[in-house]
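Comments concern the structure below.
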Amino acid sequence: MRAVQTGPVIGLIAQLVLLGALAVTVGLSGSGWVVGITCGVITNAALARGLPCSGARRLGPADRVTLTRATLACAVAALTVDSFGRPTAVATLVALAVVALVLDAVDGWVARRTETVSTLGARFDMEVDAFLIFVLSVYVARSTGEWVLAIGAARYGFLAAGWMLPWMRRSLPPRYWRKVVAATQGVVLTFAAAQVLPLFWTEAALAVSLALLAESFGRDVRGLWRHRRVEPGRIVVSARRPERSGKRGTKWSRFQTSASTTSHSTRGVANVLTRDGELHREQAEQDDRK
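First residue of the sequence shown? That's -17 in this note's numbering, and the numbers climb one at a time after it.
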């Protein structure tokens, strides 16, 4: 039990030390302290609960890097809240965000290098990305407009939709483009926070970033919608037929079948996904004679 709790406890201590350093160097209001500590407690408590559920005894090397990123993101959240009541140290906020973004490329490399890739680590990394993007969008929205909040709220809107629509809670296949889009959001928001570009170009970059995010989430939702009728626990068989050129050529993306067997008969249910995205159901019954 002690091994499980060591990583999150150290993470919470590191969070308090970082907030204390910010208070001494650039100043931190009471609201900044409250938000920073709250974010740190929630993050490390969730991690402490997730470790035993995933079967891990302790944090892996890549998990420690991701926890460092989470600690930095909580500090950015504290400075963001602090900025609503008084002038904030923009340089410090941007520096923390830049380090967190750089480490985003490190934790995945460490996981592959040390062969410690895990489902918990991937989920932890994704949630830290989403939280940092949300915090940066809140800070940037003050100078560019509330529409920027859509960038930070996209991930949490997706999760909220999953609570209401069960088919949106299915696992998504790994996709590298999803990671590229997430990294783009962080980089563009950090540049916007630093205010190094004219307002027109900053808003244009943010608009493009939001469009990429909408395309990525839209593709995921579309894929989940197409597979919404495939029930968990059934046998799924996928296949592809060769494409034929010409005006009269057809292309079947794939077909999926699921079967349930009784003692006297076998029933088949086929879901055929055509090239135009329509899902057709075909029923078939075949006697199983002894």
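Virtual Cβ for every residue (Gly too), placed ideally from N, Cα, C.
Can you tell me whether residue i is buried or exposed? The criterion is at least 16 other CB atoms within 10 Å of its CB, across all chains shown.
i      : result
Cys35  : exposed
Arg137 : buried
Phe182 : exposed
Leu117 : Checking the sequence, you will find Val at residue 117 rather than Leu. So Val117 ends up on the buried side.
Thr25  : buried
Leu147 : exposed
Ser153 : exposed
Gly139 : exposed
Thr184 : buried
Val178 : exposed
Arg79  : According to the sequence shown, residue 79 is Ala rather than Arg. Buried, because 16 or more other Cβ atoms sit within 10 Å of the Cβ of Ala79.
Ala123 : buried
Gly22  : buried
Leu18  : The identity of residue 18 in the sequence shown is Gly, whereas the question assumes Leu. Label assigned to Gly18: buried.
Leu4   : buried
Leu10  : buried
Leu1   : buried
Which same chain residues, not among the five before or five after residue i, have their C-beta less than 6 Å away from its C-beta?
i       : result
Ser13   : Val63
Ala71   : Val8
Arg51   : Ala82, Leu85, Val110
Leu29   : Pro(-10)
Ser227  : Confidence is the limiting factor: at Ser227 the pLDDT is only 42, short of 50, which leaves the residue's position unreliable and the question unanswerable from this model.
Ala112  : Arg137
Leu(-6) : Gly22, Asn26
Val99   : Ala93
Let me make sure I understand the geometry here. Which of the options has the alpha-carbon closest to that of residue i?
i       : options                       : result
Val84   : Pro180, Leu54, Val99, Gly103  : Leu54
Val81   : Ser153, Arg124, Gly18, Cys56  : Cys56
Ile(-8) : Leu49, Arg31, Ala3, Arg157    : Leu49
Ala60   : Leu114, Thr96, Gly90, Asn26   : Leu114
Asp202  : Val163, Val23, Thr74          : Val163
Gly15   : Leu147, Ala27, Val(-1)        : Here residue 15 turns out to be Trp, not Gly, going by the sequence shown. Checked all of Leu147, Ala27, Val(-1); the closest Cα to Trp15 is Val(-1).
Gly274  : Gly42, Leu29, Gly22           : Missing from the structure shown is residue 274; the chain here goes from -17 to 272 and no further.
Lys161  : Glu97, Ala87, Ala30, Leu29    : Ala87
Val6    : Ala132, Thr74, Gly200, Glu197 : Thr74
Thr126  : Phe140, Ala189, Thr98         : Ala189
Thr101  : Leu33, Gly2, Thr(-12), Val178 : Leu33
Ala196  : Ile133, Val17, Gly144, Arg152 : Ile133
Tyr158  : Val178, Glu185, Ser198        : Ser198
Gly144  : Ser119, Arg210, Val122        : Arg210
Pro155  : Gly22, Gly205, Gly2           : Gly205
Ser191  : Val58, Leu131, Gly2           : Leu131
Ala27   : Leu1, Val58, Gly200, Thr(-12) : Thr(-12)
Which same chain residues, not among the five before or five after residue i, have their C-beta less than 7 Å away from its C-beta?
i       : result
Ala(-4) : Thr53
Leu194  : Val163, Thr166
Val76   : Thr172, Ala175, Ala176
Leu141  : none
Ser119  : Val130, Leu131, Ile133, Gly134, Leu171
Arg151  : Gly144
Please go through the same chain and pick out, in chain order, the residues whose beta-carbon is closer than 8 Å to the beta-carbon of residue i, but skip the five residues on each side of it.
i      : result
Arg94  : none
Trp278 : Because residue 278 is not part of the residues shown, which for the chain are -17 to 272, the question remains open.
Thr96  : Gly42, Pro43, Ala44
Ala187 : Val170, Phe173, Ala174, Leu179
- Query: Can you give, in chain order, each stretch of the beta strand (DSSP E) that sits fully within the region -9 to 52 and has at least 3 residues?
  - Reply: Whole beta strand (DSSP E) segments, 3+ residues: zero.
- Query: Going along the chain, which unbroken runs of the alpha helix (DSSP H) with 4 or more residues stay wholly within the region 150 to 179?
  - Reply: Taking only runs of at least 4 residues, the alpha helix (DSSP H) segments lying wholly in the region 150 to 179 are 158 to 176.
- Item | Inter-stretch contact at 8 Å, needing at least 3 Cβ pairs: the region 67 to 75 / the region 35 to 47 | The answer is no - the region 35 to 47 does not touch the region 67 to 75, with fewer than three Cβ pairs under 8 Å.
- Task: May I have a chain-ordered list of the beta strand (DSSP E) segments no shorter than 3 residues that lie completely inside the region 91 to 145?
- Result: When DSSP assignments are scanned along the region 91 to 145, no uninterrupted stretch of beta strand (DSSP E) that is 3 or more residues long falls wholly within it.
- Item | contact_flag[the region 90 to 108, the region 168 to 176] where n(CB pairs < 8 Å) is 3 or more | With the rule of 3 Cβ pairs closer than 8 Å, the region 90 to 108 does not count as touching the region 168 to 176.
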